[in-house]
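Okay, so the sequence shown: first residue is 1 according to the numbering used here, each after it adds one.
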Amino acid sequence: MNPFSIIFRIIGFFSVCADPFERKVDRFLKNVRARSKEDLEKLIQEDLVKLTIFLEYKFKGYKILKRRHRRKLYEHEYLIAKDFVFFFDTRKKSIAERQKSLDIPSEFKKDEKMTYLLGIMSYLSPGKKLQYQESATFEKLLRDPTSEMLVGDCNQITTLYIYLYSLRFPVGDLNVKILPGHICLHYKGIDIETTNATLASYDDYVFLSDVEEIVAANLLDIPDPSERQFEISSANMLKSAELAFHFSSHRATVEKNLFIAYHNMAVYYAKQKNFSKAALFANKSGNTKLQKQVAQMEATDHLKSKRYRKALEKFQKIGDAQGEKVCYQNELVDLIDKTKSCKTVGDYKNHKSTLRRMKELGLRAGNQKVVDFVNDILKKLA
């Protein structure tokens, strides 16, 4: 056996990825900001189903989406594609005939891409192959179409439409129309209501975007409450928010999610005592209260570790007078402890600098008793 194939098998065994396409997506996610919409469109064109499932696994944390189960879902993806292609090819003529009688602009009556979209609509008619369920996971849509009902919400069903379209045509032909609390597919001025397989015309909508918007829409979609989830790391939450922010046209929504992710990352790194990164994300969040909280956590950490000068700098920077006072008091206690072995005035001769610091701290901490004591010792040493 080729030694390289053995190495690749070993790597594959320990990888979280189920196949080479997932590994490609994983590499794509490592540097989202450097990616263009064209890069994402290529992934959508290549396999939107796998892209969607892998993103749900990474960013929604559904426990059911383990590697073995994802592979099973990809087998169902193949069955759906095969079943649909057979369905369309055997009914193409009758679909084209029906197309001529539809109330659509004349230029669409012989449009082969419109014929294909009508084929998808016919295949995914509710009650035949499809059942609508709000906030369903995408995996519920990936079942054996010959024996099970495909279940999904508007986002998931629209995603499946785009996938089936990609089998024969460029996904760049399509748009995604975001409505208040809803989403539909759009083709050259015609809206396609994917949940009930009808043509529509929605005048009241939030915005019309390129097909890449479906990825952001799925990331922002409400998780399926019936599915168990593992805890998503703050890093993955940030990656998800960055991905949606980078590729979505609806900045008002995704910006809010991005700032929440920055907040979570700041808290995460602060708890890990990586305060430079915590401060970085706190600053990105634009939340002044969070910025102060991170600085206080860092100052408190310095204080507990007896790094008094660093703690003092942080407390002073955020204007925490009480924190400053605690710094003075704690350092003063340490210096008193340092000189507790001194029994006579002569014993203090080697601690003059310590005594001067004690006096300074006593004054700042408002401890007149210590100030008077140190003044008395220094006077006797003079």
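C-beta atoms are modelled at their ideal positions from N, C-alpha and C, and glycine is treated no differently.
The model shown is predicted, which means the values in this text are computed figures rather than measured ones.
Let me know the secondary structure DSSP gives residue i once reduced to three states.
i, result
"M1", "Summary for M1: the model assigns pLDDT 48, below 50, so the residue's position carries little reliability; its value from the coordinates is reported in the next sentence. DSSP places M1 in coil when its eight states are reduced to three."
"L79", "helix"
"L73", "helix"
"A18", "coil"
"I120", "helix"
"T115", "helix"
"G172", "helix"
"E212", "coil"
"A252", "helix"
"S341", "coil"
"Q272", "coil"
"G323", "helix"
"S106", "helix"
"L90", "According to the sequence displayed, residue 90 carries Thr and not Leu. T90: helix per DSSP, three-state reduction."
"L142", "coil"
"N287", "coil"
"I318", "coil"
"S305", "coil"
With a CB to CB cut of under 7 angstroms and the five nearest residues on each side skipped, what residues in its chain are close to residue i?
i, result
"K325", "A365"
"A216", "A244, F247, S248 and V254"
"V171", "E41, I44, Q45, I162, Y165 and V211"
"H351", "T339 and C342"
"F54", "E22 and V25"
"K317", "A295"
"F207", "I178, S249 and H250"
"K182", "The sequence given here has His at residue 182, not Lys. Result list for H182: C154, in chain order."
"S285", "F259, Y262, H263 and A266"
"I214", "T158, T159, I162 and V176"
"K454", "Shown here, the chain extends from 1 to 382; a query on residue 454 therefore has no answer."
Could you check how far apart the C-beta atoms of residue i and residue j are, in whole angstroms? I think they sit under 8 angstroms.
i, j, result
"T339", "T354", "6 angstroms"
"G127", "R91", "Not really, about 17 angstroms apart at Cβ, beyond 8 angstroms."
"Y328", "L381", "At roughly 23 angstroms, the Cβ-Cβ gap does not stay under 8 angstroms, so Y328 and L381 are not in contact."
"A270", "L258", "Wrong, their Cβ atoms sit about 19 angstroms apart, outside the cutoff."
"N283", "L303", "Wrong, their Cβ atoms sit about 23 angstroms apart, outside the cutoff."
"K58", "N236", "6 angstroms"
"I80", "P145", "5 angstroms"
"E139", "L73", "6 angstroms"
"L174", "L150", "With 8 angstroms as the limit, L174 and L150 do not qualify as a contact, their Cβ atoms being about 20 angstroms apart."
"L117", "Y187", "6 angstroms"
"K100", "K109", "5 angstroms"
Could you tell me which residues DSSP pairs with residue i in its beta bridges?
i, result
"E193", "T198"
"P126", "L130"
"Y187", "I190"
"I178", "I183 and F207"
"L150", "L130"
Using a Cβ-Cβ cut-off of 6 angstroms (strictly less than) and excluding sequence neighbours within five positions of residue i, which residues of its own chain qualify?
i, result
"A279", "V294"
"A18", "R67, R70 and R71"
"F169", "K113"
"K314", "A295, E298 and A299"
"F84", "Y123 and L164"
"D47", "F21"
"D221", "N155"
"F275", "E298"
Return yes when the Cβ of residue j is within less than 8 angstroms of the Cβ of residue i, no when it is not.
i, j, result
"V176", "L167", "no"
"I157", "T195", "yes"
"N367", "L335", "no"
"M121", "I192", "yes"
"K239", "V32", "yes"
"F87", "Y132", "no"
"E77", "L142", "yes"
"A266", "L290", "yes"
"S125", "A200", "no"
"T52", "N218", "yes"
"K273", "D301", "yes"
Taking 8 angstroms as the CB-CB limit, is residue i close to chain B?
i, result
"N155", "As a matter of chain content, chain B is missing from the structure shown, which is built from one protein chain."
Taking 8 angstroms as the limit between beta carbons, can you name the residues of its chain near residue i, skipping five residues before and five after?
i, result
"L378", "K352, L355, R356 and K359"
"L363", "V371"
"D36", "Reading off the sequence shown, one finds Ser at residue 36, where the question assumed Asp. Correct list: empty, nothing qualifies."
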